[in-house]
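Numbering (our numbering), first residue to last: 11 to 130.
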């Protein structure tokens, strides 16, 4: 019986360590996901600037009449805008705001269910 009592705190500590470990792993995965998405956006912006600038230099060097680089500039620019918007929504202020709204909704629903249970 003495052995059982002495191992109980160790099991509890082990379980809490595992929980902390899982939280650290989850935090690491979240940070890595955010950093990867940020790097993808930076690469996208860099490629846009370099390639669009190159198209405009080629157009200027050839002294073209029709400003054909305007088409990829606009179309790719729109795609880049939505990529940035997606990043903001998933990892920036949009995500923070959504988490706050979700937390408020959860708390309100919890209070509603708790009061309904107490009324019955």
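Where a beta carbon is used, it is the ideal one built from N, C-alpha and C, also for glycine.
Contact check for residue 69 and residue 79: beta-carbon distance about 5 Å, within the 8 Å limit, so the pair qualifies. Residue 125 has its alpha-carbon roughly 15 Å from the corresponding atom of residue 115. In the displayed model, residue 74 falls within coil according to three-state DSSP, outside both helix and strand.
Shown here, residue 79 sits in coil according to DSSP, grouped into three states, outside any helix or strand.
When the beta-carbon positions are compared, residue 101 and residue 37 stay at least 8 Å from each other.
When the five nearest sequence neighbours on each side are left out, the beta carbons in the same chain lying within less than 7 Å of the beta carbon of residue 82 are those of 62 and 65, in order along the chain. Linking residue 112 to residue 56 through their CA atoms gives a straight-line distance of about 35 Å. Taking a C-beta distance under 8 Å as the contact criterion, residue 54 and residue 90 qualify as a contact pair. Using a 10 angstroms sphere on the CB of residue 31, the tally of other CB atoms stays under 16, which defines it as exposed. Taken atom to atom, the span from the alpha-carbon of residue 51 to that of residue 104 is near 16 Å. DSSP places residue 102 in the coil class of the three-state scheme, outside both helix and strand.
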